[in-house]
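Asks: Here's a structure for you.
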Amino acid sequence: MSTKTDTPREPDAGAGNDLGTAGSQLSTAPQEDVTFPALGPIGWARWFWRQLTSMRVALLLLFLLSIGAIPGSLIPQTSIDPVKVDQFKADHSTLGGIYDKLGMFHVYSSVWFSAIYLLLFISLIGCIVPRSWQFVGQLRGRPPAAPRRLTRLPAYTTWRTDAAPEEVLGAAQRLMKKRRFRAHRTGTAVAAEKGYLREAGNLVFHVALIVMLVAFAVGSLWKSEGGKLVTEGDGFANSLTQFDDFKSGAFFDTDTMEPFGFTLNKFEATYERSGPQKGTPRTFRAHVTYYTGADGKEHRKAVEVNTPLDIAGSKVFLLSHGYAPEVTVKDGRGKVVYKGAVPFLPQDPKNLTSTGVVKVPGAQTKDGKRNQLGFQGFFVPTFGGKGSGSMFSQFPALDYPVLTLTAYHGDLGVDSGLPQSVYQLQKKYLKQYKVKGAPLAKMMLPGETMKLPNGDGSIQFTGIKNWASFKITHQPGNGLALTGAVAALLGLAGSLFIQRRRVWIRAEAGPDGVTVVEMAGLGRSESPRLPEELGDLAGALEPDAPLVPGAVAGPESDPQPEPAPGSGSEDPAEPTDSDGPAEPSEGARA
4 MSTKTDTPRE PDAGAGNDLG TAGSQLSTAP QEDVTFPALG PIGWARWFWR QLTSMRVALL
64 LLFLLSIGAI PGSLIPQTSI DPVKVDQFKA DHSTLGGIYD KLGMFHVYSS VWFSAIYLLL
124 FISLIGCIVP RSWQFVGQLR GRPPAAPRRL TRLPAYTTWR TDAAPEEVLG AAQRLMKKRR
184 FRAHRTGTAV AAEKGYLREA GNLVFHVALI VMLVAFAVGS LWKSEGGKLV TEGDGFANSL
244 TQFDDFKSGA FFDTDTMEPF GFTLNKFEAT YERSGPQKGT PRTFRAHVTY YTGADGKEHR
304 KAVEVNTPLD IAGSKVFLLS HGYAPEVTVK DGRGKVVYKG AVPFLPQDPK NLTSTGVVKV
364 PGAQTKDGKR NQLGFQGFFV PTFGGKGSGS MFSQFPALDY PVLTLTAYHG DLGVDSGLPQ
424 SVYQLQKKYL KQYKVKGAPL AKMMLPGETM KLPNGDGSIQ FTGIKNWASF KITHQPGNGL
484 ALTGAVAALL GLAGSLFIQR RRVWIRAEAG PDGVTVVEMA GLGRSESPRL PEELGDLAGA
544 LEPDAPLVPG AVAGPESDPQ PEPAPGSGSE DPAEPTDSDG PAEPSEGARA
């Protein structure tokens, strides 16, 4: 038995004519028409559509989409943190203006990103639809007949046997079907093909990309997310008025918000006490009681940074933590006009030096006149400024809590109808309390009280509560995106690791009556596994077509020698199921 396993890169033109349809359509790539359409609206439209639906353009658009997503990760986005966007513009006035005009602060909703997204969507659909129909046609068809000269195929072997040609072909057909090849008889040869899952995987991969694009679009148009700061003992209900900030997609309907809620029972935090990681959180956990539906049963759960609460199709993420000093305010009449915990926002994320304000719009003087009170202060969980005259914390835990307040009175502006932040004090119509010409300010430990001048009242620092901020998100399409991602990986694996190949086995009686068996293979791409597989198939067929001792027929002793190229005496290829010659490169490299 003699075997040829060389894999030439570029078959010559004669080889292409000999292979015919045997070397064509090993992939679903559409054949390019090199004839340019006539200039005109229809011609240009056809040219543009062909370019847009080509795989090259689809890959280019996918690359541009990936590049376009980079600014969305590096530059602050209005949809995520508008405060950081404003700060960036303030710090970089020139660059901020340029970014604003280019839509860099809202990348994923910008015109240019949406254009790339839509073009990629159209391109993928235009690529997949014709390839799918072509693949279905290949599945319904049969492997093409054997070319005239099997010796020109990349993998080839031949031997002589005493078995009759019909017996050899019958055994070959049974063998190929046993090896899960699609096989059928064509004249004096058996044509077989295998590896259709390669093209199926390729199509699945591109369909999965469309599924992922649809999932991302659904998630963007119907999503909602908002933030809520909750103090220990307080709760949250999923309604629009409960959010501190809220944003949603274009098609989100607030009337469809699922009824659920939760209460923050306790916040637990511990920190590293020494070493280079001093102050690093070790425990960061919010204990909540949640319910679903108006009369839902209550459940308890601990929410951590990487363990969100999944409830009614939404996720509740734990974002940050801080402290809320508890104060009791009395006005000039001695009446308690405010009592509760006031969240202070950290200015130092590591040690939680925090600022906040206390607004008391219902206060009056001892004469019963309106006298709104405002207090602006600093809170430090572990006071480290003793002797320095400054307020700063040296550790995030409540080791030495101190509250400093500065008092104001007058008009807070809460009755003007204009919105204002609960964390800022509008001082336009306020006057600062003074004692002997100096502004009234006092550092207080828990339990201490600051009295206001003229008998206008007092404020007492009664205790400290923890607060936690949560992000509540509703993101539809996540399951669809996950399905598309898994399908894309499976399809890509199939298209990379499965080889589509064709095998032909010819058995004809020689001049001396001995049967000459030829076996050849052709793969879509060059692979050393094809000659190995061909050798394995030949070994499996040999018991039914035993080798005649001392008689070997190989490529070098082909009974039909090949004429020199261009001599004009090239024998025509035997009729096959093709109407025209195959593209040589399709058979060798498709």
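Using my numbering, you'd call the opening residue of the sequence shown number 4 and step up by one each time. Ideal Cβ placement from N, Cα and C applies to all residues, glycine included. The structure presented is a predicted model; accordingly, all values stated were derived computationally and were not measured.
1) Measure the C-alpha to C-alpha separation of Y436 and S424 and round it to an integer number of angstroms.
2) Please report the straight-line C-alpha distance between K92 and K474, rounded to a whole angstrom.
3) For my contact list, A148 and G106 are in at a C-beta cut-off of 8 Å; report their separation, rounded to the angstrom.
4) Give me, in chain order, the residues of the same chain whose beta-carbon lies closer than 7 Å to that of E577; leave out the 5 immediate sequence neighbours on both sides.
5) Can you check whether the CB of V319 is closer than 7 Å to the CB of V332?
6) Three Cβ pairs or more, each shorter than 8 Å: is that satisfied between the region 471-488 and the region 205-224?
7) Can you list, in chain order, the residues of its chain whose CB lies under 6 Å from that of T266, leaving out five sequence neighbours each side?
8) If you draw a straight line from the C-alpha of L363 to the C-alpha of F378, how long is it?
9) In the DSSP assignment, the alpha helix (DSSP H) including A484 goes from what residue to what residue?
10) Rounding to the nearest angstrom, what Cα-Cα distance links A175 and I213 in this structure?
11) Closer than 6 Å by C-beta to F263: which residues in its own chain qualify, once you throw out the five before and the five after it? Chain order, please.
12) Buried or exposed: which applies to K372, given that a residue is buried once 16 or more other Cβ atoms fall within 10 Å of its Cβ?
13) Comparing C-alpha positions only, which one of T160, K269, L243 and G282 sits nearest to D258?
14) Assuming N205 is part of the alpha helix (DSSP H), what are its boundary residues?
15) Please list, in chain order, all residues of the same chain as S498 whose beta carbon is under 7 Å from its beta carbon, the five residues on each side excluded.
16) For a test of the three-state rule: what should DSSP assign to K468, helix, strand or coil?
17) Check this for me: beta carbons of R163 and V551, under 7 Å apart or not?
18) Does the distance from the C-beta atom of T356 to that of S393 stay below 7 Å?
19) How is N268 classed by DSSP in three states: helix, strand or coil?
20) What are the start and end residues of the beta strand (DSSP E) that includes L408?
21) Identify the residues that DSSP records as bridge partners of D89: which are they?
22) Classify P534 as helix, strand or coil using the three-state DSSP reduction.
23) Tell me the residue span of the alpha helix (DSSP H) that contains F51.
24) What are the partner residues of D248, as DSSP defines its beta bridges?
25) Pick helix, strand or coil for R527, following the three-state DSSP scheme.
26) Can you tell me which residues form a DSSP beta bridge with D313?
27) Is the region 76-87 touching the region 104-122, taking contact as three or more C-beta pairs under 8 Å?
28) Report the CB separation of P422 from P404 in whole angstroms; it is logged as a contact under 8 Å.
29) So, are the CB atoms of A512 and V520 less than 7 Å apart?
30) Put L550 into one of helix, strand or coil per three-state DSSP.
31) Look at the Cβ atom of T518, then the Cβ atom of A166, and state whether they are nearer than 7 Å.
32) Can you look up G100 in the DSSP assignment and give me helix, strand or coil?
33) Label S69 either buried or exposed according to how many other C-beta atoms from any shown protein chain fall within 10 Å of its C-beta, with 16 as the threshold for buried.
34) Could you compute how far the alpha carbon of K439 sits from the alpha carbon of H412?
Replies: Taking the definition as stated:
1) For Y436 and S424, the distance between alpha carbons rounds to 22 Å.
2) 25 Å
3) Contact flag wrong, Cβ pair sits at about 58 Å.
4) Reliability fails at E577, whose pLDDT of 38 lies under 50, so the model's placement of it is uncertain and no value is given.
5) Pairing V332 with V319 gives a Cβ-Cβ distance that is not under 7 Å.
6) yes
7) The residues G238 and T292, in chain order, have a CB closer than 6 Å to that of T266 in the same chain once the five nearest residues on each side in sequence are set aside.
8) Note that residue 363 is Val in the sequence shown here, rather than Leu. Going from the Cα of V363 to the Cα of F378 covers about 9 Å.
9) Start and end: N481 to F500.
10) 42 Å
11) In chain order, N241, T295, I314 and A315 place their CB closer than 6 Å to the CB of F263, counting only its own chain and leaving out the 5 sequence neighbours on each side.
12) Its Cβ having fewer than 16 others within 10 Å, K372 is exposed.
13) Residue L243 is the option with its Cα nearest to D258.
14) Y199 to L224
15) R201, G204, N205 and F208
16) K468 falls in the strand class under three-state DSSP.
17) Yes, they are a contact pair.
18) no
19) strand
20) Run containing L408: V405 to G413, per the beta strand (DSSP E) assignment.
21) According to DSSP, which records beta bridges pairwise, D89 is partnered with nothing at all.
22) Here DSSP, grouped into helix, strand and coil, assigns P534 to helix.
23) P44 to L55
24) Beta-bridge annotation (DSSP): D248 is paired with G230.
25) coil
26) K318
27) In short, these stretches touch, since the Cβ pair count reaches three.
28) Actually they are not in contact, since the Cβ atoms of P422 and P404 sit about 31 Å apart, beyond 8 Å.
29) In this structure, V520 does not lie closer than 7 Å to A512 by Cβ.
30) strand
31) yes
32) helix
33) exposed
34) Each residue's alpha carbon lies about 17 Å from the other.
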